[in-house]
Amino acid sequence: MYSIPELIGGASAESYCRVAYYVYFNILISIPEVQMKGLVYVLYDISKKEKQPTMPHINLTMASIDMILSLPIRFSATHYCLKARQEKLGPFNSVLKIVFKVVGDYSYCKVRSRLHYGSDTELQYQLRSHGINVDSIPIDAEGTLREDIRNDWFYEHLAGMGRSSIVPDASAHSLVSAGGSKGAIAVNHDPEALVGNAVAHGASGNNVEKYSPIIPTDGDILLGRGRLVQYNPGNIHFRGLVSKYRDAYDTAPGSRRKEIVSEVSRIISSEGRRFLKQIDSGVWVKSNDKETNTKIAQLFREFRKRK
Numbered sequence: 001m002y003s004i005p006e007l008i009g010g011a012s013a014e015s016y017c018r019v020a021y022y023v024y025f026n027i028l029i030s031i032p033e034v035q036m037k038g039l040v041y042v043l044y045d046i047s048k049k050e051k052q053p054t055m056p057h058i059n060l061t062m063a064s065i066d067m068i069l070s071l072p073i074r075f076s077a078t079h080y081c082l083k084a085r086q087e088k089l090g091p092f093n094s095v096l097k098i099v100f101k102v103v104g105d106y107s108y109c110k111v112r113s114r115l116h117y118g119s120d121t122e123l124q125y126q127l128r129s130h131g132i133n134v135d136s137i138p139i140d141a142e143g144t145l146r147e148d149i150r151n152d153w154f155y156e157h158l159a160g161m162g163r164s165s166i167v168p169d170a171s172a173h174s175l176v177s178a179g180g181s182k183g184a185i186a187v188n189h190d191p192e193a194l195v196g197n198a199v200a201h202g203a204s205g206n207n208v209e210k211y212s213p214i215i216p217t218d219g220d221i222l223l224g225r226g227r228l229v230q231y232n233p234g235n236i237h238f239r240g241l242v243s244k245y246r247d248a249y250d251t252a253p254g255s256r257r258k259e260i261v262s263e264v265s266r267i268i269s270s271e272g273r274r275f276l277k278q279i280d281s282g283v284w285v286k287s288n289d290k291e292t293n294t295k296i297a298q299l300f301r302e303f304r305k306r307k
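The sequence shown begins at 1 in full-length UniProt numbering and counts up by one.
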């Protein structure tokens, strides 16, 4: 990230932190994968090898570190991508490489942080070996910023916000602290103040249903498909509960089956669990009673087919 001041036009540390704050609290915090598995942080030297890199100002660096450490987001891994250099940064990079090689013998450091060293092509291959999809990284194998995807994901998020008319509030971002208490975080930043007129990029939308986004917990039951849904602890518990009633459901008449479905729904609700669905904008919202009962009945039918 040596050339980050050039990319943001020499912006102040405060401006940089404002943008980062918006991304974390309005986008990343609504993604269940981030909350469950943590965030992988990639620090990449984006300056050209033949050019003298511009080191970030100390105030920008310290402000960024302080902000990142205070975020209620778990970082599961950090990757440092450095380029071979002959100028003054060469010895610095070499020292970093040696340090990471030494501490790499400790399992915690080996898992939590990695240092990659080489050309842009080599860095891309090294990141790929750790399961990082390089197609989503806004830097190509030549070290050039990919203008074609740099802002697409951001404008897609803004468009989703417009379609669902989501207004973040305290209830939308209730985070459970280590002590079990909930701390509400109200986020009311205007996206247009950060990226200009977002309406031109499809972020407008009125007279549509409003939702309150929810951060899923391990106890919640997620509606949908995929490994995230299948192996979610709440879904595993849900399948076990339905399995206990499947014999009674299979032998019961139609009216009694509806009562069994309602009973399962009542038990789940009494346990403090919620059925959540993912809407077009990518956030999770609470499903209605009809969707909940449909999901329960569907699982009963799936169990019957497996016999």
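Where is the CB? At the ideal position from N, CA and C, for every residue including glycine.
Member of the options whose CA lies at the smallest distance from the CA of residue i
i	options	result
T217	S270, V261, G234	G234
I68	L127, L223, V23, V242	V23
S47	A84, L127, R257	A84
L123	S287, F75, L43, K305	L43
I214	G282, K305, N232, A141	G282
Y231	K37, I27, F25, V19	K37
E142	D120, R266, L241, T294	D120
S76	Y41, S64, V19	Y41
G254	F300, Y21, M62	F300
R239	F303, S15, L115, D140	F303
Contacting residues, own chain, Cβ-Cβ under 8 Å from residue i (five flanking each side not counted)
i	result
G9	Residue placement at G9 is poorly supported in this model, since its pLDDT is 46, which falls under 50; the coordinates still yield a value, given next. So no residue of the chain qualifies.
V229	L222, L223, N235
V34	L28, I73
S262	N293
G118	K83, A84, Q126
I132	V40, V42, H79
Residues of its chain near residue i, where Cβ-Cβ distance is below 6 Å and the 5 sequence neighbours each way are ignored
i	result
I268	none
I73	L39
A178	Confidence in A178 is poor, its pLDDT being 33 and thus under 50, which makes the residue's placement unreliable; the coordinate value appears in the next sentence. Excluding residues within five positions, none has a Cβ falling inside 6 Å.
S15	none
T78	Y41, S113
H116	C81, L123, Q126
D140	R146
Cβ-Cβ distance between residue i and residue j below 7 Å
i	j	result
Q278	G224	yes
I221	F275	yes
R257	G219	no
Buried versus exposed, by CB contacts within 10 Å (16 or more), residue i
i	result
P32	buried
S30	buried
K305	exposed
L82	buried
Q298	exposed
N26	buried
T292	buried
R266	exposed
R112	exposed
D247	exposed
D289	exposed
H130	exposed
D66	exposed
D45	buried
E192	The pLDDT assigned to E192 is 37, lower than 50, so where the model puts this residue is not dependable; a value taken from the coordinates is nonetheless given after this. Flag for E192 reads exposed.
G180	The pLDDT assigned to G180 is 36, lower than 50, so where the model puts this residue is not dependable, and the model offers no usable value.
Chain B within 7 Å of residue i, Cβ atoms only
i	result
F75	Included in the structure is just one protein chain, with no chain B present.
7 Å Cβ shell around residue i - same chain, five flanking residues per side excluded
i	result
R128	V134
S287	L223, F275, L276, K277
L71	Y24
I296	V242, V261, V264, S265
D250	R304
Y245	I260, V264
A252	I260
Distance cut-off 6 Å: residue i Cβ against heavy atoms of the ligand SAH
i	result
R306	The model depicted lacks the ligand SAH and carries no ligand whatsoever.
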